[in-house]
Every structure is written in C-alpha cells, then in structure tokens.
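These protein sequence lines map, in sequence, to chains W and R.
So the first sequence is numbered by the UniProt record's numbering: it starts at 1 and just counts up by one.
So the second sequence is numbered by the UniProt record's numbering: it starts at 1 and just counts up by one.
Built from N, CA and C at the ideal position, the CB exists for glycine as well.
On a predicted model such as this, the values are computed, not experimentally measured, just so you know.
Following: one structure in structure tokens, then a few remarks.
Protein chains: 2
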Amino acid sequence: MDERSALRRLAAALPAAGDDAAVVDGLVVTTDMLHEATDFPAGTTRYTAGWRSVGASLSDVAAMGADATAAVAAYAAPSLVEEELDAFVEGAVDVCDAVGAEYVGGDLDTGTEFTVASTALGETDAPVRRSGAEPGNVVCVTGTVGRTAAALRAFEADDVDRGNDLFRFPPRVAAGQALAPHATAMMDSSDGLARSLHQLAEASEVGFDVSWDRIPVHDAVEEYATDAADRKRMATGVGEDFELVCALPRASLGDARAASPVPLSAIGTVTEASEGVRMDGEPLADEGYTHE
Amino acid sequence: MDERSALRRLAAALPAAGDDAAVVDGLVVTTDMLHEATDFPAGTTRYTAGWRSVGASLSDVAAMGADATAAVAAYAAPSLVEEELDAFVEGAVDVCDAVGAEYVGGDLDTGTEFTVASTALGETDAPVRRSGAEPGNVVCVTGTVGRTAAALRAFEADDVDRGNDLFRFPPRVAAGQALAPHATAMMDSSDGLARSLHQLAEASEVGFDVSWDRIPVHDAVEEYATDAADRKRMATGVGEDFELVCALPRASLGDARAASPVPLSAIGTVTEASEGVRMDGEPLADEGYTHE
C-alpha cells in the first residue's frame with residue numbers, strides 16, 4: 001500500500017480528514033512527519049529542517065484559507081546536540097514569525113533516524129476544501145513552482161547554502177486567506193503541481209487543462225535544468241513546493257489577484273472530469289512526490 | 001545532553017512551553033513522539049500503539065486540567081500495511097472516544113523505524129501548571145501507579161494479551177477537569193511517580209514528603225514484582241503511567257475526592273524546597289523514564 005492509498009483509506013474512515021488539514025469547529029489542525037532519509041538531503045541544516053518541517057504544516061493551514069495561529073514539533077535524533085536543537089528551534093520560531101503564528105514548543109526524543117513531526121493550528125470560519133472546483137473556473141498557482149526540485153539539485157551539486165536557502169520556502173498563509181473568499185477549491189502543491197492537479201481533479205470530480213507557458217517557474221530551475229524536458233519535470237513533477245493551487249470563477253480573478261500578497265498566475269481552466277488532467281492538450285502524468 | 005536537559009533548554013527559549021502542554025489563548029496543544037525501540041515492546045499491537053500514543057498526548061491535556069477536544073497522529077513504518085493501519089486508527093479513535101475527543105486523522109509516511117507522533121488539543125480558561133504547589137498542601141495521585149512497569153514485565157514474559165491490556169491506560173481527562181478547580185499544581189506521571197514529584201518540586205520550588213504505604217499500587221505490580229524493593233521500584237521508578245499527580249490545599253481534599261471520577265489518594269505533603277523529595281523520610285531518588 002503506497003502512501004496515497006493509505007491516506008485515502010484513512011480519509012474514508014475519518015470524516016474530518018482527507019484534505020490538507022482537518023477542521024473541527026473552526027479550528028484547523030494538521031500534522032506532518034519528515035525523515036532524514038526522504039526529506040532532508042545531506043547538507044540540510046537543522047535551522048532549515050526546523051523552518052521546513054514546521055513550514056510544511058503551516059502550508060497545510062494556508063491551503064484551507066485559514067489564519068495560522070500556533071505550531072509545535074516533536075524532534076527525534078540519534079543524539080540530542082545542543083547546537084542542533086537550538087538551530088532547529090530557531091528555524092521553527094522564524095517560520096512561525098514569518099506567518100504571524102506562535103511556535104509553542106514540542107517534544108524531544110532519541111530515535112534511530114533524524115525525524116521531525118510538526119503540527120500546525122489555524123482558525124477559519126469558511127475552510128476552502130479540495131472539492132468545489134467547477135468546469136469553467138480558472139486554475140491558479142501562487143508564486144513559482146520548481147523551487148524544491150532546484151534545491152535538490154543544489155544539494156546534489158554540493159551547493160549547500162543555495163540548497164538550504166531554497167529549502168526555506170515561505171508558507172502562503174496570507175495568500176491563502178486572501179484567496180479564500182474567491183477560491184472554489186484549494187490545496188498546497190506539496191506533492192508537486194501535476195499531482196496536486198490530479199488530487200484536486202479527483203476531489204472536485206473535474207478535469208484541468210493547463211498551459212505550460214503560463215506556469216510560473218522558479219528562476220533556480222533554469223540554472224539547474226539540463227534541457228527543456230528536465231525543466232518541465234522539475235517544475236511540475238517533483239513536488240514539495242508548498243505553493244497554493246486553487247480554482248476560482250473567472251470573474252473573480254481580478255479581485256483575487258488584487259487581494260493576493262504574492263503573484264497569482266492563471267495557468268489554465270477547469271474542465272469536465274471526462275477530459276482528465278491535461279497540459280497543452282496532452283494528458284499530464286500523475287507524477288510527483290509519493291512515498292512508496 | 002539527555003532529554004530532560006534538552007527540554008529545559010527548549011522551555012527556556014519558549015515561554016509557552018515547559019509544562020505538560022502549551023496553552024495559547026485558552027487552546028491547549030501538546031505533541032509526543034514514540035518509537036518502536038523505546039516505547040513499543042515486541043508484542044505491542046498496532047491497536048494498542050494507536051491507543052497509547054494518542055492517549056499519551058490526551059494525558060498531557062488532562063494534566064493541564066483541560067477538556068480534550070481533538071487529536072491527530074503521524075504514523076511512519078518501514079511499510080504501510082492495511083491491517084496494521086486500520087488497527088492503529090481504531091485504537092486512536094477508541095482512546096479519543098473514551099475521553100470525548102475527536103480523532104481527526106493525520107499523516108502517513110515510510111520510515112526506518114515504526115514511529116508515531118501524536119498531537120492532542122484541548123481547551124481551558126484556567127490551566128493548572130506544574131508550578132504553584134505550596135508547603136502544607138496535600139500531594140495526591142489518581143488511580144494506581146505501576147501499570148506500565150507491570151505491562152513491561154508481561155511483555156517480557158510473553159504474556160502479550162496482558163501487556164497490551166495494561167498498555168491501554170485510560171487518560172485522566174475527566175479527573176483532570178474535576179481536580180483543576182482545587183489543584184495548585186498538576187502534571188501527569190508519564191516519567192514515573194518519583195520523577196514527577198521531582199519535576200513538580202523543581203517547578204513549584206517546594207519539597208515533598210510521601211508515604212510508601214499510602215501510594216496506590218496497581219494489582220498487576222503484585223503479580224510481577226520479585227520482592228519488596230522491586231515492587232517499590234516498579235511503582236515509583238519506571239514511569240509512563242499517565243496518572244495525574246497534583247497538589248491541593250488540605251481543606252479541598254474532600255471536595256476534590258468527591259468531584260474526581262477516579263479514586264484520589266493523598267500520598268503525602270508538600271514541604272519546603274530545602275527538604276527535597278522524600279519517601280518515608282528518606283530521599284527519593286530522581287529515577288524514572290529518561291531517554292538518554
């Protein structure tokens with residue numbers, strides 16, 4: 001059973017689960033676990049790990065269109081080193097500060113692998129779900145995609161500072177709140193743009209047709225991509241990007257853009273489910289970040 | 001740096017941390033990470049793991065005297081097996097049901113070691129801290145101690161059903177709320193009774209003098225203890241018991257007992273800090289559950 005099948009199973013058993021975050025009486029809660037082997041390439045600092053792990057949960061709060069209020073993290077490592085722990089907490093505090101949330105501590109433990117479990121809390125009266133996109137809507141993405149794909153190349157190339165810098169993404173909490181009144185469906189691109197579109201399509205029972213030349217690609221992708229095909233794969237098929245992907249009525253696009261504190265790119269349209277997920281008219285593979 | 005030093009460091013950096021749970025605007029949040037090697041002996045079922053890991057976080061909510069509202073868990077294992085995951089979720093849901101909280105899902109991941117990170121949420125207008133105990137107060141404990149020590153012996157003896165049964169402790173959420181109006185200080189005994197008394201003593205700047213013959217010991221300890229010294233160690237020095245330890249004014253003891261849905265034993269008195277932590281007049285070693 002791969003992670004997506006398992007998550008689907010979990011969602012079926014639990015009515016409040018199955019979106020980026022659960023919402024109980026207006027309280028938003030989401031949790032994520034990250035591991036050294038799969039999530040923190042060699043060279044990732046503990047400061048970056050603190051930022052990124054807590055940021056991943058804040059991004060899930062953002063994806064509900066909610067205000068982020070607080071976060072906690074549980075930290076396990078083979079040994080607890082003072083400087084590493086301080087750096088981790090500093091990163092966690094800084095990413096919370098960046099979105100106006102409070103980092104309120106956590107748990108510590110020894111474990112065989114460096115592992116972080118972060119939980120973020122938020123508040124919203126009107127959560128935006130993955131379901132709700134309608135044919136004719138515009139599909140949009142905040143910021144630029146491919147940032148994590150570029151970061152992974154930077155780490156591979158031993159360009160550690162650049163890798164860490166790219167890894168510390170800004171969670172789109174303010175953008176999520178600005179888009180919430182307009183969006184019919186929203187999620188974050190933590191599994192990559194292509195996979196996110198497939199997940200939105202499944203939850204909303206629609207299709208998508210996006211245009212490659214409208215997809216905003218991070219500058220760093222250009223630096224590391226080996227050719228045009230590689231550039232496309234880095235931008236759409238790697239994931240862990242933490243931008244917001246949303247659908248909204250075409251008439252709202254102007255207002256949504258005006259409200260959003262980050263650039264909002266209209267990358268295509270919502271189609272009927274029978275059309276599937278397409279880029280430039282061709283089927284877009286459901287590729288991205290999946291733990292097998 | 002052992003876990004306690006690290007937690008102290010974390011608490012110093014974060015004003016909201018340093019107790020069983022953080023409290024932000026009346027919202028209680030706490031997170032815990034548990035690992036197969038240290039927390040789930042061979043024979044622990046996934047149902048029990050779900051119950052126990054989520055229960056540990058609910059116990060932290062209880063220790064603040066708060067109502068438990070919701071919980072999430074992140075689950076990592078070398079492979080995601082359907083039956084194991086179903087059993088885990090069932091245990092998590094059942095322990096939440098037992099205290100009137102809602103289990104709202106979580107995250108799934110593959111990792112080298114079976115690891116669970118659970119987060120519980122609660123609400124309270126008047127959290128009970130570890131600080132606040134005053135000389136002359138009575139020190140009390142809910143239920144009975146030594147349950148986990150007995151469970152570990154059961155697992156060692158291959159009495160797996162008994163071990164699992166003992167491992168599925170009832171989180172004292174209702175008791176915590178009943179005691180909150182009376183308690184001057186409270187925490188759960190997740191590090192063992194002796195260590196909990198030392199932690200309360202440190203936070204409240206007091207001492208304790210408890211009597212061994214007043215400490216309520218779980219029946220199963222009797223079954224597995226090899227002699228009188230072993231019985232004492234199992235009851236006070238092993239930990240992970242998840243009972244509540246609190247201090248309250250002597251005049252409130254009757255009311256607190258009447259309010260508590262579980263037996264409340266008065267095991268001694270709060271003394272001056274200079275007296276230290278004593279049992280039957282002798283220093284009680286600060287022994288218990290510490291990850292080195």
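If you follow the alpha helix (DSSP H) that residue i is part of, which residue opens it and which one closes it?
i                      : result
residue 219 of chain R : 219-224
residue 48 of chain R  : 46-63
residue 97 of chain R  : 82-99
Would residue i and residue j qualify as a contact pair, given that the criterion is a beta-carbon distance under 8 Å?
i                      : j                      : result
residue 70 of chain W  : residue 121 of chain W : yes
residue 160 of chain W : residue 218 of chain W : no
residue 22 of chain W  : residue 140 of chain W : no
residue 189 of chain W : residue 245 of chain W : yes
residue 55 of chain W  : residue 95 of chain W  : yes
residue 36 of chain R  : residue 113 of chain R : yes
residue 49 of chain R  : residue 116 of chain R : yes
residue 193 of chain W : residue 260 of chain W : no
residue 169 of chain R : residue 42 of chain R  : no
residue 263 of chain W : residue 216 of chain W : yes
residue 136 of chain W : residue 269 of chain W : yes
residue 173 of chain R : residue 61 of chain R  : yes
residue 63 of chain W  : residue 109 of chain W : no
residue 143 of chain W : residue 195 of chain W : no
residue 111 of chain W : residue 47 of chain W  : no
residue 285 of chain R : residue 221 of chain R : no
residue 118 of chain W : residue 255 of chain W : no
residue 183 of chain W : residue 200 of chain W : no
Just checking: is the beta-carbon of residue i within a distance shorter than 8 Å of some beta-carbon in chain R?
i                      : result
residue 111 of chain W : yes
residue 26 of chain W  : no
residue 213 of chain W : no
residue 35 of chain W  : yes
residue 99 of chain W  : no
residue 76 of chain W  : yes
residue 286 of chain W : no
At which residues does the beta strand (DSSP E) containing residue i begin and terminate?
i                      : result
residue 33 of chain W  : 27-35
residue 277 of chain R : 277-279
residue 102 of chain R : 102-110
residue 72 of chain R  : 67-77
residue 121 of chain R : 115-123
residue 334 of chain W : For chain W, the structure presents residues 1 to 292; residue 334 of chain W sits outside this window and is missing.
Does any CB atom of chain W fall closer than 8 Å to the CB of residue i?
i                      : result
residue 45 of chain R  : no
residue 32 of chain R  : yes
residue 61 of chain R  : no
residue 102 of chain R : yes
residue 210 of chain R : no
residue 115 of chain R : yes
residue 148 of chain R : no
residue 124 of chain R : no
residue 69 of chain R  : yes
Buried or exposed for residue i, going by 16 or more other Cβ atoms inside 10 Å?
i                      : result
residue 129 of chain W : buried
residue 97 of chain R  : exposed
residue 100 of chain W : exposed
residue 53 of chain W  : buried
residue 292 of chain W : At residue 292 of chain W the pLDDT is 35, less than 50, meaning the model places this residue with poor confidence and gives no usable figure here.
residue 79 of chain R  : exposed
residue 148 of chain R : buried
residue 226 of chain W : exposed
residue 59 of chain W  : buried
residue 127 of chain R : buried
residue 171 of chain R : buried
residue 274 of chain R : exposed
residue 209 of chain R : buried
residue 39 of chain W  : buried
residue 19 of chain R  : buried
residue 102 of chain R : buried
residue 251 of chain R : exposed
Which chain A residues sit within Cβ distance under 8 Å of residue i?
i                     : result
residue 72 of chain R : Here the protein chains are W and R, and chain A is not one of them.
Beta strand (DSSP E) runs contained entirely in the UniProt domain "PurM-like C-terminal" (134-276) of chain R, provided each spans 3 or more residues:
Under the rule that a run must span 3 or more residues, the beta strand (DSSP E) segments found entirely inside the UniProt domain "PurM-like C-terminal" (134-276) of chain R read 138-142, 185-188, 206-210, 244-248, 264-272.
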